[in-house]
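Structure first, then comments.
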Amino acid sequence: MFSEELQNKIIKYYQNYYKSCGLRDFKLRAENKLREEAVEEKRLLRLEEFLLLKKLQAKECFIMGAGTGGLAVVLKEKYNINVSGCEPDIVALDILKEKLKQKGIDDVGFTADFGEHLTSFKSSFFDLVYCYTVLEHVQNVEKCLAEMIRITKPGASVYVNTPNYGFPEERHYKIRWPFPPAYLPRAFSYLYLILRGKPPKFFKSLNLLTKRRLSKILSRHKNIKTKPLSPVKSSTQELLLKKLA
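Start counting the sequence shown at 291; every next residue gets the next number (my numbering).
So this is what it looks like as structure tokens:
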């Protein structure tokens, strides 16, 4: 368990985040984030074979949008994988670094770089790049994907998980949509959120990626092979991108 001071930082950070989505149970959700590592461990257990995690001991993993560090802790403690990553949210990055410090894990590989410009990281260096629910938040999806592919070793993989906005659901607000958000005028979505008692400001920042749009972007990269991991009709886009030699 982490220090009381760090736990309070974690709770405050996530309370602010969940309130920005208009979630009434924001306090409970924030407290649940104190068990973030257990959630990440369960998720990785499902992905263990796809990502070949047991074969990555002492190898290098990059986390795109590393958040408050739950994933980094589990990758290092359970799988002995060397972890690096970027997290432009300074508050989240501070929490991540403090978590690693308290766990005795080196934090030198974590920076505040934006995903579009991973200038701190070498090309063809990482054995795995992990990107979970990040692409919908970035400034430029194409540049982020290009950078993730650039820093991945030939023969290694990029794991991508992002919402499918061609599906009538919005995961951050925890509500169903009458129609897929990607196919509606933004103004309609803002009005719908207001009518549901939700603040629309957070929604304005989202990239409404659909399977078709993401597939079109990835098709421009001739040096990757894409393997879908999620069902065709799903609110999630889950992909494994293998970088070719």
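Glycine residues also receive a C-beta, built at the ideal position from the N, C-alpha and C atoms. All values reported here derive from a predicted model rather than from experimental measurement.
Item to check | Extent of the continuous beta strand (DSSP E) to which residue 446 belongs | outcome: Here residue 446 refers to the residue found at position 156 of the sequence shown. That run of the beta strand (DSSP E) goes 442-453.
Checklist entry - Can you give, in chain order, each stretch of the beta strand (DSSP E) that sits fully within the region 382-429 and has at least 3 residues? => result 416-422
Item to check | residue 468 to residue 503 span [Cα, whole Å] | outcome: The sequence position of residue 468 within the sequence shown is 178, counting from 1. The sequence position of residue 503 within the sequence shown is 213, counting from 1. Their backbone Cα atoms lie some 21 Å apart in a straight line.
Checklist entry - Just how far apart, CA to CA, sit residue 377 and residue 427? => result Residue mapping note: residue 377 aligns to position 87 of the sequence shown, counting from 1. Residue mapping note: residue 427 aligns to position 137 of the sequence shown, counting from 1. For residue 377 and residue 427, the distance between alpha carbons rounds to 12 Å.
Checklist entry - Between 373, 402, 365, which lies nearest to residue 380 when the distance is taken from Cα to Cα? => result In the sequence shown, residue 380 corresponds to position 90, counting from 1. Nearest of 373, 402, 365 to residue 380, Cα basis: 402.
Next on the checklist: Counting C-beta neighbours from all protein chains within 10 Å, is the total for residue 307 16 or more, i.e. buried, or is it exposed?
Outcome noted: The residue labelled residue 307 in the question sits at position 17 within the sequence shown. So residue 307 ends up on the buried side.
Item to check | Cβ-based burial, residue 407 [other Cβ within 10 Å; buried from 16] | outcome: Along the sequence shown, one-based indexing puts residue 407 at 117. Per the 10 Å Cβ criterion, exposed.
Item to check | Cβ neighbour criterion (16 or more within 10 Å) applied to residue 370 | outcome: By 1-based counting over the sequence shown, the position of residue 370 is 80. Burial call: exposed.
Item to check | Span separating the alpha-carbon of residue 488 from that of residue 456 | outcome: Residue mapping note: residue 488 aligns to position 198 of the sequence shown, counting from 1. Residue mapping note: residue 456 aligns to position 166 of the sequence shown, counting from 1. Approximately 21 Å between the Cα atoms of the pair.
Checklist entry - Grouping DSSP H, G and I as helix and E and B as strand, with all else coil, what is residue 313? => result Here residue 313 corresponds to residue number 23 of the sequence shown, with the count starting at 1. Three-state DSSP puts residue 313 in coil, outside helix and strand.
Checklist entry - By the 10 Å Cβ neighbour count, where 16 or more other Cβ atoms means buried, how is residue 483 classified, buried or exposed? => result Here residue 483 refers to the residue found at position 193 of the sequence shown. Residue 483 should be labelled buried.
Checklist entry - DSSP three-state call for residue 465: helix, strand or coil? => result Position 175 of the sequence shown, counted from the start, is the residue given in the question as residue 465. In the structure shown, residue 465 sits in a strand (DSSP, three-state: E or B).
Checklist entry - If we call anything under 8 Å between Cβ atoms a contact, is residue 501 one with residue 454? => result One-based indexing of the sequence shown puts residue 501 at position 211. One-based indexing of the sequence shown puts residue 454 at position 164. Yes; because the gap between Cβ atoms is below 8 Å, this pair is in contact.
Next on the checklist: For residue 538 and residue 473, what's the separation of their Cα atoms in angstroms?
Outcome noted: Not covered by the structure: residue 538. The range shown for the chain is 291 to 535.
Checklist entry - For residue 530, does the three-state DSSP call read helix, strand or coil? => result Sequence index remark: in the sequence shown, residue 530 carries index 240 (1-based). In this structure, residue 530 counts as strand in the three-state DSSP scheme.
Next on the checklist: Rounded to the nearest angstrom, what separates residue 305 and residue 320 at their Cα positions?
Outcome noted: The residue labelled residue 305 in the question sits at position 15 within the sequence shown. The residue labelled residue 320 in the question sits at position 30 within the sequence shown. Their Cα atoms are separated by approximately 5 Å.
Next on the checklist: With the cut-off set at 8 Å, would you say residue 451 and residue 422 are in Cβ contact?
Outcome noted: What you label residue 451 is simply residue 161 of the sequence shown in a count that begins at 1. What you label residue 422 is simply residue 132 of the sequence shown in a count that begins at 1. Yes, the pair counts as a contact, with Cβ atoms nearer than the cut-off.
Checklist entry - Taking one C-beta from the region 316-334 and one from the region 513-531 each time, how about it: are there three or more such pairs within less than 8 Å? => result no
Next on the checklist: Mapping the DSSP letters down to three states, classify residue 350 as helix, strand or coil.
Outcome noted: Start at 1 with the first residue of the sequence shown, and residue 350 comes out as number 60. In this structure, residue 350 counts as strand in the three-state DSSP scheme.
Checklist entry - Based on the DSSP secondary-structure assignment, which residues constitute the bridge partners of residue 459? => result Taking the first residue of the sequence shown as 1, we reach residue 459 at position 169. DSSP lists 466 as partners of residue 459.
Checklist entry - Whose CA, out of 391, 339, 435, 505, lies closest to the CA of residue 353? => result Taking the first residue of the sequence shown as position 1, residue 353 is located at position 63. Closest option to residue 353, Cα to Cα, is 435.
Item to check | Burial state of residue 478, where buried means 16 or more other Cβ atoms lie within 10 Å | outcome: Position 188 of the sequence shown, counted from the start, is the residue given in the question as residue 478. Label assigned to residue 478: exposed.
Item to check | Beta-bridge partners of residue 372, as assigned by DSSP | outcome: If you number the sequence shown from 1, residue 372 lands on position 82. Beta-bridge pairing links residue 372 to 350.
Checklist entry - How big is the Cα-Cα spacing for residue 531 and residue 338? => result Numbered from 1 along the sequence shown, position 241 holds the residue referred to as residue 531. Numbered from 1 along the sequence shown, position 48 holds the residue referred to as residue 338. Spanning the two alpha carbons is a distance of roughly 16 Å.
Checklist entry - Across which residues does DSSP place residue 516 in a beta bridge pair? => result For the purposes of this step, residue 516 is taken as residue 226 along the sequence shown, with counting starting at 1. According to DSSP, which records beta bridges pairwise, residue 516 is partnered with 531.
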